Every structure is written in C-alpha cells, then in structure tokens.
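Engineer: If you're matching positions, the sequence shown starts at 2 in my numbering and goes up one per residue.
Built from N, CA and C at the ideal position, the CB exists for glycine as well.
The structure displayed is predicted, hence computed values, not measured ones.
Quick one: structure below, then a few questions.
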Amino acid sequence: MTTHMLERIRNFSIVAHIDHGKSTLADRLIQATGTVAARDMVDQMLDSMDIERERGITIKAQTVRLEYQAQDGKTYVLNLMDTPGHVDFAYEVSRSLAACEGSLLVVDASQGVEAQTLANVYHALDAGHEIVPVLNKIDLPAAEPERIKQQIEDVIGLDASQAVLISAKTGQGIDQVLEAIVTRLPPPMGDEAAPLKALLVDSWYDAYLGVVVLLRVIDGTLKRGQKIEMMGTNAHYEIDKIGVFRPGMQDVAELGPGEVGFITAQIKEVADTRVGDTITAARHPCAEALPGFKPAQPVVFCGLFPVDAADFGDLRAAMGRLRLNDASFSYEMESSAALGFGFRCGFLGLLHLEIIQERLEREFNLDLIATAPSVVYRIVQRDGQTLELHNPADLPDPTKIEAIEEPWIRATILTPDDYLGAVLKLCQERRGVQVDLNYVGKRAMVAYDLPLNEVVFDFYDRLKSISKGYASFDYAITSYRPGDLVRMSILVNAEPVDALSMLVHRDRAEARGRVMVEKLKELIPPHMFQIPIQAAIGGKIIARETVRALRKDVTAKCYGGDVTRKRKLLEKQKAGKKKMRQFGKVEIPQEAFIAALKMDS
C-alpha cells in the first residue's frame with residue numbers, strides 16, 4: 002500500500018473540558034491499536050512532563066500516529082492530537098486543530114457540557130471540523146447519557162443522536178470510537194504533485210537533535226536531504242531527519258500530503274521556527290503562505306526575581322531555555338529597589354504563570370519571588386501618545402495622563418441553579434456587567450463583561466469555592482475601556498516598596514489598601530523601632546498600620562531612688578529608637594511578599 006492514499010488518513014484531535022477524560026481516551030486508543038507494547042504502557046501516555054502527570058492536566062499538545070485495521074479490512078493511519086483543556090492553553094488547542102479535519106468531542110456523561118467544552122468546540126467549528134460527540138464515564142452510577150445528549154443539542158447545537166458511549170477507564174466502547182473516526186471523519190485533502198506546502202504546528206528544543214519541528218503536510222512531499230524554506234523568516238535549511246511519533250520518534254523516508262510528522266534540520270533556535278509558518282521547497286516554493294495563527298497575546302504580567310541575587314545569571318539562562326519550548330511566554334529584564342534584578346514576564350493566565358514558576362523552580366533549581374500579577378493597561382497621554390503599561394511602578398506622571406484604559410473580557414460561566422445568586426454577586430463585586438442569562442437544563446449560563454484586572458487575582462478560586470467546585474468558567478478578551486484607575490503604593494517605614502504597588506479602581510482602592518497593610522502588619526516581624534505601614538495614592542495616605550517596637554526594659558537596674566533617673570534612661574532609649582528608625586532598614590521576609598501578593602477579598 003502506498004502511503005499517499007489520502008482516503009486512508011484521518012487527522013483528528015480530542016477536545017473537552019478539564020478532567021473529562023481526554024488523556025485517558027488517548028491512552029485507550031493507543032492501546033487498542035497496539036501502537037505501544039503492553040509492557041511500555043503507562044497512564045497519561047502523552048503527558049510527558051512531570052508537572053502534567055502530578056497535576057493531572059495536559060499543558061503541551063502532543064501527537065501520536067496510530068494504525069488501525071477497520072472492519073472494512075483496510076488499514077487506516079490515524080494521527081491523534083491530544084490537546085489541553087484549560088483556558089490558559091487555548092492557543093495550544095487552536096494550533097492542534099488547524100492540523101486536523103475532525104474532532105472527538107468528549108463530554109463527561111455525569112457532568113455534562115462545561116464552559117471550556119463550549120469554548121473548545123467553537124474553536125473546532127471555526128477550524129471547519131467534522132465533530133463526533135463521545136460520552137465518557139458511562140460506567141459511573143451518576144451517568145445520564147440521554148440527558149447529556151439532549152444538553153449537547155441544546156447548548157452546542159450539534160446532533161448527538163449518534164454519540165458514541167464509552168468508558169475510557171474500563172475500555173468499553175473504544176472500538177466504536179475507532180470506527181467512528183474512520184467512517185464519520187473526513188480524509189485530508191491535498192495534491193502530491195503540487196509544490197511542497199506544510200504547516201508548522203509546534204517546535205521545541207531537543208538537546209541531541211536541536212530544534213524539532215512538528216508539521217502537517219498540506220501539498221507535495223517532504224524527503225530527507227531536501228532543501229526547505231520557512232516563508233515567514235525566509236530562512237533556508239536542509240532536512241536531516243524525518244519521522245512520525247508513535248509516541249516515541251520513528252524515522253520515515255518521506256511524508257506525503259495529509260500526514261503529520263516531524264523534521265529536524267540543524268535549526269539552532271526555536272525562535273527561528275515560528276508557529277503557524279509555512280514550510281515550502283527552496284527551489285519550487287508554493288505561491289502563497291498558509292494563513293497561520295495569530296501570535297499568543299500575553300494577558301497577565303508579573304515580575305520574577307531570584308531570592309538570592311547571585312542566582313540572577315542562572316535565572317536568565319533558565320528563562321532562555323523555557324522560552325525555547327514555550328512560544329507564548331515572553332520576558333524582559335527589570336530591576337527593583339526591593340528585590341534587585343529580575344524579569345518582567347508575560348503569561349496567558351494565572352495557571353500558565355503558576356506552571357512556568359513551578360518549572361523554573363523544579364527544572365532549574367531556582368528560588369523565586371513573584372510580584373503581584375498585573376494586566377496590560379493602555380495609557381492615553383495628553384500629547385496624544387498611547388503607551389502600554391506592564392508594570393504599575395512605571396506609571397507616568399498623573400498630570401500627563403488623559404485616560405487609563407484597561408482590558409475587559411467576556412466571561413461565560415456555567416453554574417448549577419443553587420449557586421447562581423452567589424455567582425452573580427461575585428461578578429457584581431468585581432465591577433461586572435451582565436450581558437446574558439439563560440438556562441441549559443438545570444444549569445444557568447451567565448455571560449458577563451468583566452475587567453480582566455479583577456479576574457486575574459483570585460476570581461477563579463473564589464468562583465470554585467462559592468459554587469463548591471461546580472461552576473465552570475471560560476473567557477476571551479474583548480476590548481479596552483477607560484476606567485477610573487489609580488496607582489496604590491505601599492510604604493514601609495516611609496520607603497515605597499515597588500514590588501507591592503498596583504493599579505486599582507478608585508472605589509476599591511481603600512478596601513484593597515486596608516487589606517494589604519493589615520496583612521503586612523502580621524507578616525513583618527517586629528524590629529527594635531516601630532514601623533509604620535501605609536497605603537497611599539499619590540501623596541494621600543488611605544490606610545495605615547503600625548508594627549510595634551520590641552522594647553528592652555532599660556530601667557530594670559534602677560531600684561528605688563529618684564524617678565528622674567528612670568525618665569532619663571527612657572528618654573535616652575527613645576532617642577536611640579528615633580535614630581534607628583531613620584537609618585534602620587526594615588527586612589521584609591520573603592513569605593511576607595508572597596502572602597501579601599496572594600490577595601483574598
């Protein structure tokens with residue numbers, strides 16, 4: 002059989018909400034097709050990072066090539082893309098979807114459609130996919146497949162009458178899934194005779210091979226030794242190695258249209274391989290590039306500083322290496338009076354921030370301090386210029402500012418009816434504007450416009466706690482709107498601590514400031530002199546707490562005698578404390594920074 006029989010290829014991805022069983026289903030498909038020997042099988046086969054296994058989430062999209070002998074006796078090549086379910090990694094999902102023609106939509110038969118199920122299905126529909134609904138976990142006593150089928154039809158508008166019922170854990174129904182992939186998903190289109198055109202889906206750095214490029218061939222064929230051109234960067238390379246993932250790398254002689262595989266070509270830097278770029282033959286390039294993807298926009302910024310200033314060089318090297326494998330992570334150098342040298346980093350969301358921080362600490366053995374996360378504000382100045390502000394400490398002089406605009410998001414929240422009141426109250430508290438509210442069975446689907454600034458702190462945690470974990474949440478950035486924002490600085494012993502300054506809405510500033518100073522009062526240990534902790538907007542103090550001084554009883558050795566002697570000793574002590582307070586440095590322990598930055602309302 003020639004490999005170029007397009008109708009024998011199926012490229013598909015699995016989309017679902019977090020924890021609905023994508024990775025487990027992928028394991029079962031790998032097992033059922035005998036791609037991996039039984040003795041090499043492990044759970045979550047495609048989650049290769051330790052952190053993915055521990056948290057039970059998928060962070061990087063992975064691919065695997067399966068060969069399946071269908072009931073019609075033909076052997077099909079199935080290219081599976083396992084995608085993340087979490088909202089922060091939506092860009093990974095959109096990239097994987099662009100390389101496929103169809104998707105399996107996995108829905109938990111007991112929980113039903115969740116917010117990210119919707120978001121990911123819309124991604125798949127935008128990519129023009131054929132979708133096969135799969136109801137997972139039907140072995141659970143709480144499973145209600147008929148109700149969930151109805152829900153898929155009501156909420157998403159997909160015909161779910163033909164949904165495949167499976168249990169990825171026990172392996173029930175896996176054969177039906179494979180048959181559905183072969184019979185219900187379309188084969189790829191492509192022309193072998195046309196000039197080479199391939200989509201660069203992902204790239205990462207391998208210590209032995211250099212940059213490994215994951216690609217999907219659209220037209221033409223790729224062969225070893227061929228000279229290729231990246232259309233976005235106009236760089237030319239010669240292919241060393243071509244292969245496919247069966248999860249391990251396996252070399253092949255060539256890749257034809259519709260196939261998904263990898264190449265290496267002595268590329269030194271991952272920055273040279275832009276995700277979404279078009280790869281073509283250097284001699285006979287194709288006429289026009291593929292549309293590609295829009296670059297991932299960082300949404301949340303925060304400063305990362307080494308605890309020990311001597312580790313700065315290691316941190317710089319570690320950042321460079323992480324950037325090699327995560328194109329959505331961006332950073333630039335910054336320095337702070339309180340924390341020394343570090344980096345201002347951009348992330349796609351709070352989970353992304355947490356993952357990157359954990360990877361830096363774990364894979365590179367670094368101790369880090371992260372400053373308060375902030376979003377990107379737009380500053381419109383009186384002279385007509387617009388600046389992007391990533392760090393509240395860099396806010397220009399207020400007299401030059403015409404307006405400060407902040408990003409707003411459209412949030413979709415699905416919650417059981419019992420918690421609706423609490424969810425609405427939370428959104429209202431966070432300056433939200435209700436856009437829509439309707440019912441899907443027993444669950445309410447609420448759409449809110451919210452300022453991103455209010456969401457990045459602890460919105461997700463609060464939402465989960467008020468709904469006992471049942472509410473699910475998805476968001477997309479919609480626009481920038483002007484807001485009445487002010488910079489709140491924290492002064493410790495009359496010195497501003499730049500790592501703790503933040504932009505807040507004027508109405509919320511006093512409450513936010515009060516919480517912050519009360520927290521710091523408990524966290525900063527007493528010194529020999531008293532320490533005032535203040536929250537200020539410009540020159541106006543809006544909240545204050547004082548850390549009491551440690552006192553030594555200097556009058557202990559005076560027994561009896563004249564009271565003036567005691568007074569003299571106390572006055573002397575007071576003068577010493579005053580002098581200490583002028584020159585004394587307040588040591589703010591690291592826990593204080595971390596705890597102060599974890600704001601609770």
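How about the stretch 72 to 82 and the stretch 14 to 27: do they share at least three Cβ pairs that are nearer than 8 Å?
Structural biologist: yes
Engineer: Quick one: residues in its chain with C-beta nearer than 6 Å to the C-beta of E1, no 5 flanking neighbours on either side, listed in chain order?
Structural biologist: An answer regarding residue 1 cannot be provided, because it is not within the stretch 2 to 602 covered by the chain.
Engineer: Any idea what DSSP makes of I157, helix, strand or coil?
Structural biologist: Coil at I157, not helix or strand.
Engineer: Look at S331 and L349 and say whether their C-beta atoms are less than 7 Å apart.
Structural biologist: Not in contact: S331 and L349 (Cβ atoms no closer than 7 Å).
Engineer: Whether or not the stretch 418 to 433 and the stretch 388 to 402 are in contact is what I'm after, with contact meaning three or more pairs of Cβ atoms, one per stretch, closer than 8 Å; do they touch?
Structural biologist: no
Engineer: Would I280 and I219 qualify as a contact pair, given that the criterion is a beta-carbon distance under 7 Å?
Structural biologist: Taking 7 Å as the Cβ cut-off, I280 and I219 do not qualify as a contacting pair.
Engineer: Pick helix, strand or coil for A199, following the three-state DSSP scheme.
Structural biologist: strand
Engineer: Determine the extent of the beta strand (DSSP E) in which A254 is found, giving its start and end residues.
Structural biologist: Premise fails: A254 is in no beta strand (DSSP E) and is neither H nor E.
Engineer: Hey, out of V376, Q117, D368, R363, whose CA is closest to C346's CA?
Structural biologist: V376
Engineer: CA-CA distance, E364 and D207?
Structural biologist: If I take the Cα positions, the gap works out to 15 Å.
Engineer: Helix, strand or coil for A33, going by three-state DSSP, please let me know.
Structural biologist: helix
Engineer: Per the DSSP calculation, M231 is bridged to which residue(s)?
Structural biologist: DSSP lists A236, I280 as partners of M231.
Engineer: Between the Cα of L524 and those of D462, V493, H21, spot the shortest distance and give me the residue it belongs to.
Structural biologist: If we check each option's Cα against that of L524, V493 comes out closest.
Engineer: Buried or exposed: where does E260 fall if 16 or more other Cβ atoms within 10 Å of its Cβ makes it buried?
Structural biologist: Buried is the call here.
Engineer: Roughly how many angstroms separate the alpha carbons of H18 and K541, rounded to a whole number?
Structural biologist: 47 Å
Engineer: State the start and end residues of the unbroken alpha helix (DSSP H) segment that holds E455.
Structural biologist: 453 to 457
Engineer: What is the residue span of the beta strand (DSSP E) that Q435 lies within?
Structural biologist: Residues 434 to 441.
Engineer: In the structure shown, what three-state DSSP assignment does R549 receive?
Structural biologist: If DSSP states are grouped into helix, strand and coil, R549 belongs with coil.
Engineer: Could you pull the start and end residues of the alpha helix (DSSP H) that V300 belongs to?
Structural biologist: Unbroken run through V300: none, as it is neither H nor E.
Engineer: List in chain order: all unbroken beta strand (DSSP E) runs of 3+ residues lying wholly within the stretch 369 to 428.
Structural biologist: 369 to 371, 378 to 382, 387 to 390, 402 to 417
Engineer: Could you pull out every residue in the same chain whose Cβ sits closer than 8 Å to the Cβ of A282, ignoring the five residues on either side in sequence?
Structural biologist: P196, L197, G221, Q227, K228, I229, E230
Engineer: Where does the unbroken beta strand (DSSP E) through L486 begin, and where does it stop?
Structural biologist: 486 to 493
Engineer: Measuring CA to CA, which of P307, V434, G433 is closest to A371?
Structural biologist: Of the listed residues, the one whose Cα sits closest to A371 is P307.
Engineer: Less than 7 Å between the C-beta atoms of N137 and I167, yes or no?
Structural biologist: yes
Engineer: What first and last residue would you give for the alpha helix (DSSP H) that runs through A510?
Structural biologist: 507 to 524
Engineer: Smallest Cα separation from I240: which of Y481, T265, Q251, V253?
Structural biologist: T265
Engineer: Could you tell me which residues DSSP pairs with T76 in its beta bridges?
Structural biologist: Q70
Engineer: For L361, which residues in the same chain have their Cβ closer than 8 Å to its Cβ, ignoring the five residues on either side in sequence?
Structural biologist: Once the five neighbours on either side are set aside, the close Cβ partners of L361 are L305, L316, A319, M320, L323, L367, L369.
Engineer: Can you tell which of M529, L256, P286 has the C-alpha that lies nearest to the C-alpha of M6?
Structural biologist: L256
Engineer: For E519 versus E496, is the C-beta spacing smaller than 7 Å?
Structural biologist: no
Engineer: Report yes if the C-beta distance between V301 and V114 is below 7 Å; otherwise report no.
Structural biologist: no
Engineer: Tell me the rounded alpha-carbon separation between K465 and N235.
Structural biologist: 47 Å
Engineer: Taking the straight line between their C-alpha atoms, what separation do you get for S468 and D508?
Structural biologist: 27 Å
Engineer: Under 7 Å Cβ to Cβ from G244, same chain only, skipping five residues before and after it: list those, please.
Structural biologist: M250, Q251, D252, V253, G262, F263
Engineer: Return the first residue and the last residue of the beta strand (DSSP E) that S104 is part of.
Structural biologist: 103 to 109
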